[in-house]
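One structure is given below, encoded as structure tokens.
Numbering (my numbering), first residue to last: 23 to 282.
In structure tokens form, the structure reads like this:
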């Protein structure tokens with residue numbers, strides 16, 4: 023049977039199996055061992071399939087691996103719900119400051135880049151129209167720069183976020199006044215204070231990451247999340263709910279839908 027077998031036919035069958043079975047490498051090894059054995063028993067002159075079989079990719083396994091990789095980039099709807107509740111609980115238990123709570127909610131609602139949230143000034147927040155304009159971001163050194171897509175985007179925000187921002191603006195004004203700093207329209211919405219004399223400093227690039235890591239440590243059941251994962255989550259859930267790719271791309275301030 024092996025002597026009369028059509029090698030090209032075997033390769034066609036194996037290529038098909040690679041697209042059907044995740045354990046294709048095991049199957050390939052098994053088939054290859056049969057032909058090695060046939061060579062050893064001198065049923066065939068040599069195993070001509072070995073190199074050709076190695077060139078067949080484990081298609082199904084690679085597809086599953088890619089799918090898992092993509093799933094790791096965003097939270098499911100259930101995982102997102104599991105995150106929002108502990109964030110609320112930590113804020114109400116004074117484990118998160120008002121600013122850090124509003125910072126998380128702003129980044130979550132906007133699904134923007136954290137560097138863009140860091141760069142928001144009060145002049146960019148229009149409470150009357152319930153809008154936030156994103157046109158700038160902060161680089162890793164805290165310097166102002168254009169957004170990654172070099173675009174200016176107006177986001178409409180829900181009342182929940184607007185009310186939080188209004189509350190935070192009032193509290194920030196009081197905190198700044200203690201250091202004789204006037205809160206102007208050019209004031210960054212989110213800044214950094216500490217016990218080492220750092221006052222009203224621009225946020226470090228990983229500031230929100232550190233806050234989210236602390237939430238994870240307190241709530242072990244949470245799926246790992248980062249600010250950028252929140253961004254992917256917003257985009258993915260929007261896509262699953264049927265929102266057009268063009269609208270999602272615009273909301274993410276991408277330069278074109280290919281990136282999205």
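C-beta atoms are modelled at their ideal positions from N, C-alpha and C, and glycine is treated no differently.
If you draw a straight line from the alpha carbon of residue i to that of residue j, how long is it in whole angstroms?
| i | j | result |
| --- | --- | --- |
| residue 66 | residue 59 | 9 Å |
| residue 209 | residue 105 | 30 Å |
| residue 177 | residue 124 | 16 Å |
| residue 116 | residue 127 | 16 Å |
| residue 238 | residue 249 | 13 Å |
| residue 265 | residue 99 | 16 Å |
| residue 122 | residue 84 | 40 Å |
| residue 223 | residue 229 | 12 Å |
| residue 154 | residue 75 | 57 Å |
| residue 188 | residue 217 | 26 Å |
| residue 32 | residue 52 | 13 Å |
| residue 147 | residue 179 | 10 Å |
| residue 160 | residue 114 | 29 Å |
| residue 193 | residue 118 | 15 Å |
| residue 213 | residue 263 | 35 Å |
Of the residues the options, which one's Cα is nearest the Cα of residue i?
| i | options | result |
| --- | --- | --- |
| residue 175 | 38, 247, 165 and 132 | 132 |
| residue 44 | 182, 187 and 79 | 79 |
| residue 207 | 168, 173, 236 and 142 | 142 |
| residue 134 | 158, 152, 118 and 149 | 158 |
| residue 164 | 217, 172, 146 and 226 | 226 |
| residue 259 | 101, 152 and 243 | 101 |
| residue 103 | 180, 244 and 171 | 244 |
| residue 57 | 47, 152, 119 and 68 | 68 |
| residue 162 | 107, 155 and 137 | 137 |
| residue 29 | 61, 70 and 107 | 70 |
| residue 151 | 184, 173 and 169 | 184 |
Look up residue i in the DSSP assignment and say whether it is helix, strand or coil.
| i | result |
| --- | --- |
| residue 279 | Here residue 279 scores only 49 on pLDDT, less than 50, and its place in the model should not be relied on; the value that follows carries that caveat. Residue 279 falls in the coil class under three-state DSSP. |
| residue 126 | helix |
| residue 218 | coil |
| residue 242 | coil |
| residue 223 | strand |
| residue 79 | coil |
| residue 110 | helix |
| residue 148 | strand |
| residue 237 | helix |
| residue 143 | strand |
| residue 121 | helix |
| residue 153 | strand |
| residue 23 | The predicted position of residue 23 is uncertain, since its pLDDT is 49 and thus under 50; a value taken from the coordinates is nonetheless stated next. Coil, per DSSP. |
| residue 72 | helix |
| residue 43 | coil |
| residue 96 | coil |
With a CB to CB cut of under 8 Å and the five nearest residues on each side skipped, what residues in its chain are close to residue i?
| i | result |
| --- | --- |
| residue 34 | none |
| residue 221 | 201, 203 and 215 |
| residue 197 | 215 |
| residue 39 | 46 and 49 |
| residue 23 | Caution applies to residue 23, whose pLDDT of 49 falls short of 50 and renders its modelled position unreliable; the value that the coordinates give is listed next. For residue 23, where only same-chain residues beyond five positions count, there are no Cβ hits under 8 Å. |
| residue 72 | 54, 57 and 58 |
| residue 42 | 82 |
| residue 252 | 97, 129, 130 and 133 |
| residue 145 | 207 and 208 |
Terminal residues of the continuous beta strand (DSSP E) containing residue i?
| i | result |
| --- | --- |
| residue 166 | 166 to 168 |
| residue 175 | 175 to 178 |
| residue 213 | Looking at the DSSP string, residue 213 is not in any beta strand (DSSP E), and its letter there is neither H nor E. |
| residue 159 | 158 to 160 |
By Cβ distance below 6 Å, which residues in the same chain neighbour residue i in space, the five residues on each side in sequence not counted?
| i | result |
| --- | --- |
| residue 139 | 128 and 129 |
| residue 110 | none |
| residue 37 | 78 |
Looking at the secondary structure, which residues open and close the alpha helix (DSSP H) in which residue i lies?
| i | result |
| --- | --- |
| residue 48 | 46 to 62 |
| residue 194 | 181 to 199 |
| residue 205 | No alpha helix (DSSP H) holds residue 205; DSSP gives it neither H nor E. |
| residue 140 | 136 to 140 |
| residue 260 | 249 to 262 |
| residue 33 | 29 to 40 |
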